[in-house]
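Since the structure comes first, as C-alpha coordinates, the remarks are kept for the end.
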Amino acid sequence: MRKLGKWDTKTIVELYIAGTSVQTLSEDYGIAKATIYTWIKNKQAKEEKQNRPELATEHVEMQKEIQRLKEENEILKKCISIFTEKKKN
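Numbering (this note's numbering), first residue to last: 329 to 417.
What follows is the structure, given as C-alpha coordinates:
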(Lines of atoms letter the chains of each structure in order from A and count residues from 1; the text may use other names and numbers.)
(Lines give C-alpha, C1' and ligand atoms only; values in the text may rest on other atoms or scores of the structure.)
Protein backbone atom coordinates (compact mmCIF):
# COMPACT_ATOMS: atom_id res chain seq x y z
CA MET A 1 0.00 0.00 0.00
CA ARG A 2 1.37 3.39 -0.96
CA LYS A 3 1.82 6.18 1.52
CA LEU A 4 -0.76 8.93 1.12
CA GLY A 5 0.32 12.54 1.04
CA LYS A 6 -1.41 15.58 2.50
CA TRP A 7 -3.14 16.21 -0.82
CA ASP A 8 -4.64 12.72 -0.81
CA THR A 9 -5.91 12.94 2.75
CA LYS A 10 -7.33 16.41 2.13
CA THR A 11 -9.11 15.16 -0.99
CA ILE A 12 -10.64 12.21 0.83
CA VAL A 13 -11.89 14.45 3.66
CA GLU A 14 -13.35 16.87 1.08
CA LEU A 15 -15.12 13.98 -0.63
CA TYR A 16 -16.60 13.01 2.74
CA ILE A 17 -17.76 16.59 3.34
CA ALA A 18 -19.29 16.60 -0.15
CA GLY A 19 -21.41 13.60 0.82
CA THR A 20 -19.44 10.45 0.00
CA SER A 21 -19.83 7.87 2.77
CA VAL A 22 -16.83 6.71 4.76
CA GLN A 23 -17.68 3.15 3.74
CA THR A 24 -17.44 4.07 0.03
CA LEU A 25 -14.21 6.02 0.52
CA SER A 26 -12.73 3.11 2.44
CA GLU A 27 -13.60 0.65 -0.30
CA ASP A 28 -12.56 2.91 -3.20
CA TYR A 29 -9.20 3.96 -1.77
CA GLY A 30 -8.36 0.89 0.32
CA ILE A 31 -8.07 2.90 3.52
CA ALA A 32 -9.37 1.77 6.90
CA LYS A 33 -12.55 3.53 8.00
CA ALA A 34 -10.93 4.39 11.34
CA THR A 35 -8.16 6.23 9.50
CA ILE A 36 -10.65 8.28 7.51
CA TYR A 37 -12.59 9.12 10.68
CA THR A 38 -9.31 10.26 12.27
CA TRP A 39 -8.61 12.57 9.32
CA ILE A 40 -12.12 14.01 9.56
CA LYS A 41 -11.75 14.57 13.30
CA ASN A 42 -8.35 16.25 12.82
CA LYS A 43 -9.76 18.58 10.18
CA GLN A 44 -12.68 19.53 12.43
CA ALA A 45 -10.33 20.17 15.35
CA LYS A 46 -8.07 22.32 13.16
CA GLU A 47 -11.02 24.37 11.91
CA GLU A 48 -12.30 24.81 15.46
CA LYS A 49 -8.89 26.03 16.60
CA GLN A 50 -8.73 28.50 13.70
CA ASN A 51 -12.18 29.81 14.60
CA ARG A 52 -11.12 30.45 18.19
CA PRO A 53 -7.93 32.57 18.19
CA GLU A 54 -8.36 33.29 21.89
CA LEU A 55 -7.29 29.69 22.52
CA ALA A 56 -3.94 30.36 20.87
CA THR A 57 -3.43 33.44 23.04
CA GLU A 58 -4.41 31.50 26.14
CA HIS A 59 -1.99 28.73 25.17
CA VAL A 60 0.90 31.19 24.87
CA GLU A 61 0.04 32.73 28.24
CA MET A 62 -0.07 29.30 29.86
CA GLN A 63 3.30 28.37 28.37
CA LYS A 64 4.80 31.56 29.83
CA GLU A 65 3.29 30.77 33.24
CA ILE A 66 4.66 27.23 33.12
CA GLN A 67 8.13 28.56 32.31
CA ARG A 68 7.92 31.09 35.16
CA LEU A 69 6.87 28.36 37.60
CA LYS A 70 9.70 26.09 36.47
CA GLU A 71 12.21 28.88 37.08
CA GLU A 72 10.69 29.57 40.48
CA ASN A 73 10.87 25.88 41.32
CA GLU A 74 14.57 25.76 40.41
CA ILE A 75 15.27 28.78 42.62
CA LEU A 76 13.47 27.15 45.54
CA LYS A 77 15.40 23.92 45.04
CA LYS A 78 18.67 25.86 45.19
CA CYS A 79 17.53 27.66 48.34
CA ILE A 80 16.70 24.38 50.02
CA SER A 81 20.11 22.93 49.15
CA ILE A 82 21.86 26.04 50.48
CA PHE A 83 19.97 26.00 53.78
CA THR A 84 20.40 22.27 54.29
CA GLU A 85 24.16 22.64 53.72
CA LYS A 86 24.34 25.43 56.31
CA LYS A 87 22.45 23.29 58.82
CA LYS A 88 24.93 20.44 58.41
CA ASN A 89 27.87 22.73 59.10
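Backbone N, C-alpha and C define an ideal beta-carbon position, used for all residues, glycine too.
DSSP places Asn-370 inside the alpha helix (DSSP H), whose first and last residues are 361-378.
In the DSSP annotation of this structure, the continuous segment of the alpha helix (DSSP H) that includes Ala-384 starts and ends at 381-416. Per DSSP, reduced to three states, the secondary structure at Ser-354 is helical.
For the pair of segments examined, the segment 352-369 was found not to touch the segment 390-409: the number of CB pairs separated by less than 8 Å stays below three. Taking C-beta separations shorter than 8 Å and ignoring five residues to either side along the sequence, the partners of Ser-354 in its chain run Ala-360, Lys-361 and Ile-364, following chain order.
In this structure Leu-383 is not in contact with Lys-374, their Cβ atoms being roughly 12 Å apart against a cut-off of 8 Å.
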